[in-house]
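So the protein lines, in turn, are chains A and B. Following our numbering from start to finish, the first sequence increments by one per residue and tops out at 302. Following our numbering from start to finish, the second sequence increments by one per residue and tops out at 302.
There are 2 protein chains.
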Amino acid sequence: MNHSGKLDPSLAAYLKERVRWVDDTLERLLPPDLRPPRRLYEAMRYSLTAPGKRIRPVLLLAACEAVGGDARVALPAAAALEMVHAYSLVHDDLPAMDDDDMRRGRPSNHTVYGEAMAILAGDGLLTTAFEVLGSAQVETTVDAATRLAVLFDLAHAAGPGGMVGGQAADIEARGKGEVELPELEFIHTHKTGALIAAGLRMGARLGGGSEAQIEALTRYGRHIGLAFQIADDILDQAGESGEGEGPDGNQATYPALLGLATSRDHADALVERALMELEPFGTEAAPLRSLARYIVDRTH
Amino acid sequence: MNHSGKLDPSLAAYLKERVRWVDDTLERLLPPDLRPPRRLYEAMRYSLTAPGKRIRPVLLLAACEAVGGDARVALPAAAALEMVHAYSLVHDDLPAMDDDDMRRGRPSNHTVYGEAMAILAGDGLLTTAFEVLGSAQVETTVDAATRLAVLFDLAHAAGPGGMVGGQAADIEARGKGEVELPELEFIHTHKTGALIAAGLRMGARLGGGSEAQIEALTRYGRHIGLAFQIADDILDQAGESGEGEGPDGNQATYPALLGLATSRDHADALVERALMELEPFGTEAAPLRSLARYIVDRTH
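Structural data, given as structure tokens:
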């Protein structure tokens, strides 16, 4: 494995182009305008168009391409996925939740727009995601049954059986203090992993992948989703000089439970398992291979 | 018009049966169980299964029947609509929003489960609604294109162009004091009316209605949605001995702006317009006719 921590130049160009496609789609689907209530749309755009790596939508597009599909077909779904991610950040930052004043180097949504409008902006982003996926206005060559399946993938991954469930488990865990590994894994696989895996699944479906391909890419997504979260925990710990706390003052992190070295090994092993899932795929899966390696290379 | 304020006995029997169908469907779709995180499911069920009139899902079923459809086909959609309504109540009651400790005679969700879990329970109910509509597990004879259109109806009505937009406008209006009639109408048509109209539209679609029938029932829904809100304002004012305040300490009500008599006339006129939309329909629309009258009869 290449542990240079540098981004492969061809991957960098690939990412840049797809991030631009995603950003353009977000602008098109949620344009700045004067519709009332103006402040709601402003608050939604504030968090949705904040600069970000767009890792989830890019993985969705890469999955579509890995099965031989045209990424442009999957752009509305990629944008919807990013809307759901943005909503989750807005609600997570609320005073009653993680109480974060800052997000990506800018004041968090409720700090700027107030708590009530931030709750509504989150609700609005979540609902708009499903509006986009269900809309007849969104030009698409995809059949209705596939679109419905893609929509279900997203709803299931975002709901109580996925992201919302992981966040609820996290809140319950904090309330009781000590967290053990199975519980931490439940939190991470649900809070972060489910949405990432759903993106892979959605992309593979929209690209016309076979059931076997869809399942393989979903497993790839689960592995790198968890690896991504462990890597984030490691980077947070490194950034906070080994205080053993996550970004939310949370003790429940892999480095805190397993130590740095074992956490790194665990993340590496997950990436290897993700790469194994890609073995039946051809060169179309090259970006997914590079992305998997990139996730853990950041921690070395 | 019959202004007795009493419920027609055949309508009462009709409502009772359909409310039971809706309640059974909600139980089936969100059963009490021990899945983790248990407290999240408890919180979701607490608000979803609270006793209520189920007016929105019943209207949806009645619209399905008005176009000659079988109401049972529309039960998952009716349940999804009630989930979206329940989520909106949970989020509306939050301290940052209306700050209501009580709802339907019971402590509000956040009073029982805490603010963080209430936010997540609302998010979970909203997402589950779309999960239900998108699910392949939900037995249905409806084609995918119709299901996608129904899902879009709900998402659009719940989102920034509908309910969330109305709630945001309401919050902005409270911040600035004086509210005028066009603004109040915007708030009501979006905050309450959009979801009711969407239910009619969804039911008409699922029952196999023609485009003309779907549009007529949507207009019926808009009229009675606004009449329903005006009636609620009137009842609230009556209940609070003419203090001129809505249930949320809100000055923006029809009786406060127009007076009681004019508000009643306005509601009556809206019901007449709703009934006119039903003229092309046969006896299958009898429950919709009775329901329209029942809404304003409460205020006389």
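Cβ atoms here follow ideal geometry from the backbone N, Cα and C, with glycine treated the same way.
Cβ closer than 9 Å: which chain B residues qualify as neighbours of residue i?
i	result
Glu180/A	By Cβ distance, chain B contributes nothing, its closest Cβ being about 17 Å from Glu180/A, past 9 Å.
Glu117/A	Leu96, Pro97, Ala98, Met99
Between the Cα of residue i and the Cα atoms of the options, which residue gives the shortest distance?
i	options	result
Ala200/B	Ala240/B, Phe154/B, Glu274/B	Phe154/B
Phe283/B	Gly71/B, Asp10/B, Gly54/B, Arg22/B	Gly71/B
Ala68/A	Glu286/A, His302/A, Tyr296/A	Glu286/A
Ile303/B	Pro257/B, Ser212/B, Gly209/B	This structure leaves residue 303/B out entirely; chain B is present only between 3 and 302.
Leu75/B	Pro59/B, Asp299/B, Glu213/B	It is worth fixing the name first, because residue 75/B is Val in this sequence and not Leu. The shortest C-alpha separation from Val75/B is found at Pro59/B.
Arg56/B	Glu84/B, Ser265/B, Thr148/B	Glu84/B
Met165/A	Gly227/A, Gly241/A, Leu62/A	Gly227/A
Ala196/B	Leu13/B, Gly161/B, Thr143/B	Gly161/B
Ser90/B	Ala80/B, Lys193/B, Leu61/B	Lys193/B
Leu259/A	Ser12/A, Pro34/A, Ile236/A	Ile236/A
Glu29/B	Ala15/B, Leu290/B, Tyr48/B	Tyr48/B
Arg106/B	Asp267/B, Phe230/B, Ala88/B, Gln169/B	Ala88/B
Gly210/A	Leu183/A, Arg275/A, Thr143/A, Ala263/A	Thr143/A
Gly124/A	Asp145/A, Glu44/A, Cys66/A, Ala73/A	Glu44/A
Ala229/B	Ala214/B, Arg300/B, Pro289/B	Arg300/B
Ala159/A	Ala64/A, Leu31/A, Phe132/A	Phe132/A
Thr113/A	Leu128/A, Val92/A, Gly126/A, Gly223/A	Val92/A
Residues of chain B with a CB under 8 Å from the CB of residue i: which are they?
i	result
Pro38/A	Gly167, Ala171, Phe188
Ile216/A	What Ile216/A touches in chain B: nothing, since even the nearest Cβ is about 14 Å away.
Ile121/A	His93, Leu96, Ala98, Met99, Ile121
Thr129/A	Leu128, Ala157, Ala160, Gly161, Pro162, Val166
Using a Cβ cut-off of 7 Å, pull out every chain B residue sitting near residue i, in sequence order please.
i	result
Thr143/A	What Thr143/A touches in chain B: nothing, since even the nearest Cβ is about 14 Å away.
Arg149/A	Leu150
Gly126/A	Gly161, Pro162, Val166
Ser137/A	Phe154
Under the three-state reduction of DSSP, which class applies to residue i: helix, strand or coil?
i	result
Ser243/A	In this prediction, Ser243/A scores a pLDDT of 43, lower than 50, which makes its location untrustworthy; the coordinate-derived value is nonetheless stated afterwards. Residue state, collapsed to three classes: coil.
Thr301/A	coil
Pro109/A	strand
Met104/B	strand
Pro59/A	helix
Pro257/A	helix
Asp95/A	coil
Asp145/A	coil
Val69/A	coil
Gly164/A	coil
Pro249/A	Interpretation of Pro249/A is limited by its pLDDT of 47, a score under 50 that renders its predicted location unreliable; the figure taken from the coordinates is listed afterwards. Residue state, collapsed to three classes: coil.
Asp238/B	helix
Glu180/A	coil
Ala52/A	coil
Phe188/B	helix
Glu230/A	The question names Glu, but residue 230/A in the sequence shown is Phe. It is helical.
Gly223/B	helix
Leu277/B	helix
Met282/B	Position check: residue 282/B holds Pro in this sequence, whereas Met was assumed. Three-state result, Pro282/B: coil.
Gly210/A	coil
Ser90/B	helix
Ala138/B	coil
Gly116/A	coil
Arg295/A	helix
For residue i, go through chain A and note every residue whose CB falls closer than 8 Å to its CB, in chain order.
i	result
Glu174/B	Pro39, Arg41
Ala146/B	Asp145, Ala146, Ala147, Arg149, Leu150
What does residue i touch in chain A if you count any residue whose Cβ is under 7 Å from its own?
i	result
Thr2/B	This structure gives no information on residue 2/B, because the portion of chain B shown stretches from 3 to 302.
His87/B	None at all; the shortest Cβ gap to chain A is about 13 Å.
Glu133/B	Phe154, Ala157, His158, Gly161
Below 9 Å on C-beta distance, what does residue i contact in chain A?
i	result
Met46/B	Pro162
Subject >> Three-pair Cβ contact test at 8 Å for the segment 270-286 of chain B versus the segment 215-227 of chain B >> reply: Counting Cβ pairs under 8 Å, three or more are found: they touch.
Original post:
If you pair each beta-carbon of the segment 184-195 of chain B with each one of the segment 50-57 of chain A, do three or more pairs fall below 8 Å?
Top reply: Under the 8 Å Cβ criterion, the segment 184-195 of chain B does not count as touching the segment 50-57 of chain A, having fewer than three qualifying pairs.
**OP:** Would you check if the segment 18-26 of chain A and the segment 145-154 of chain B touch, i.e. whether three or more CB-CB distances between them fall below 8 Å?
**Re:** With the cut-off at 8 Å, the segment 145-154 of chain B and the segment 18-26 of chain A do not touch.
**OP:** Within the segment 10-47 of chain B, note down every full beta strand (DSSP E) run reaching 3 residues or more, in order along the chain.
**Re:** Complete beta strand (DSSP E) runs here, min 3: none at all.
Original post:
How do the segment 91-110 of chain A and the segment 117-125 of chain B stand: do at least 3 beta-carbon pairs fall below 8 Å, yes or no?
Top reply: Output reads yes: the segment 117-125 of chain B touches the segment 91-110 of chain A.
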